[in-house]
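Residue numbers (our numbering), protein chains in the order written: chain A, 1 to 141; chain B, 142 to 235. Think of the CB as a built atom: it goes at the ideal place given N, C-alpha and C, for glycine as much as any other residue.
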Amino acid sequence: MISIESGAWDVMISHAKKTYPNECCGAMIGAIDGDQKAVSVAVPLENAFTGEQGARYELRQEDLLRADSEARSRGLDLIGIFHSHPDCDAYFSKTDLENSCPWYSFVVLSIKNGEFDHANSFLPDPDQTKADKEELIWPKS
Amino acid sequence: MAKVLIPTPLRQYADKKDTVELSGATVGEVLAALTTQFGDLRKHLFNDEGKLRSFVNVYLNDEDIRYLDKDKTAVKDGDTLSIVPSIAGGSYGG
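What follows is the structure in structure tokens.
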């Protein structure tokens, strides 16, 4: 289960709305206790995909490295990645799966007509063949 | 000794350590020392052919070893190795 605190959630939604109709991406930082993950900080990152960004995103490894350093310096952990799906549902696409990493939770935000609609979290497997849905708790407005 | 930073989800395979100090003259030797000490880490970093998994990248200090001398990149005392995944995606492709 992954839960997202309101401050982090606001940053994620704001980043997704700001980049709409393009996809956004970022890192989620917090604490892990067994299967329970609590996200307290969201770090918006630049979508580095070089083509049309309406349906693609790419994280720069250097940005991820910096997010990990920030987490360590705060005594926290890098526990997940978020990105948005503008004007479509929050599914884990073939593109998401083929470019995923099994170490992190992947939160997908559905943004429709520029507004948040719904979200899901996924846990991809090491061979990038499937991703299980993970219980996601976010602050309801 | 070089310092290897262990990503959070992999610490469960490294005695819960966030950092491990290891000896080795090259990146390849340090990674070999890492997976010798923590055997369970091997399958998370390497595929069945013994190559780094497609999404696994290694940085020596702030530089990607693919742009240095790959696993033959020389390591000095005090260097830091980071394990960084490649991550991308998007709704494209359904």
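Residue range of the alpha helix (DSSP H) that includes residue i
i, result
"B/Thr177", "168-178"
"A/Leu97", "94-98"
"B/Leu186", "183-186"
Backbone CA spacing between residue i and residue j [nearest angstrom]
i, j, result
"B/Leu172", "A/Lys18", "41 Å"
"B/Lys184", "B/Leu151", "11 Å"
"B/Glu162", "A/Pro21", "45 Å"
"A/Ser69", "B/Val199", "15 Å"
"A/Glu115", "B/Leu182", "41 Å"
"B/Gly191", "A/Ala48", "30 Å"
"A/Gly75", "B/Thr160", "13 Å"
"A/Gly80", "A/Pro102", "10 Å"
"A/Lys140", "A/Glu5", "11 Å"
"A/Ser73", "A/Ile32", "16 Å"
"A/Ser121", "A/Met12", "14 Å"
Cutoff 8 Å; reference residue i; Cβ partners in own chain excluding five residues on either side
i, result
"A/Ala119", "Ala90, Val107, Val108, Leu109, Ser110, Leu136, Trp138"
"B/Lys158", "Ile147, Arg152"
Three-state class that DSSP yields for residue i in the structure shown
i, result
"B/Gly235", "coil"
"A/Ala8", "helix"
"A/Ala16", "helix"
"B/Thr214", "coil"
"B/Pro150", "helix"
"B/Tyr200", "strand"
"B/Ile206", "helix"
"A/Asn120", "strand"
"A/Glu23", "coil"
"A/Pro102", "coil"
"B/Lys240", "Residue 240 of chain B lies beyond the range of chain B shown here (142 to 235); nothing can be said about it."
"A/Gly80", "strand"
"B/Ala143", "strand"
Own chain residues within Cβ distance below 7 Å of residue i, not counting five before or after
i, result
"A/His15", "Cys24, Gly26, Pro44"
"B/Asn202", "Asp220, Thr221"
Contact with chain E by residue i, beta-carbon distance below 8 Å
i, result
"B/Phe196", "Absent from the structure is chain E; the protein chains it does hold are A and B."
Host beta strand (DSSP E) of residue i (start-end)
i, result
"B/Glu244", "Only positions 142 to 235 of chain B appear in this structure, which leaves residue 244 of chain B out of reach."
"B/Leu193", "Counting along the chain, B/Leu193 falls outside any beta strand (DSSP E), and DSSP gives it neither H nor E."
"A/Leu109", "105-112"
"B/Ile228", "Run containing B/Ile228: none; DSSP gives neither H nor E here."
"A/Lys133", "131-134"
Cβ shell of residue i (< 6 Å), same chain only, five flanking positions each side left out
i, result
"B/Phe196", "Pro226, Ser227"
"A/Val41", "Ala8, Ile29"
"A/Arg60", "Ala48"
"A/Ala38", "Ser3, Gly30, Ala31"
Practice task
Please list the segments of the beta strand (DSSP E) lying wholly inside the region 29-78 of chain A, counting only runs of 3 or more residues, in order along the chain.
Solution key: You should have 36-45.
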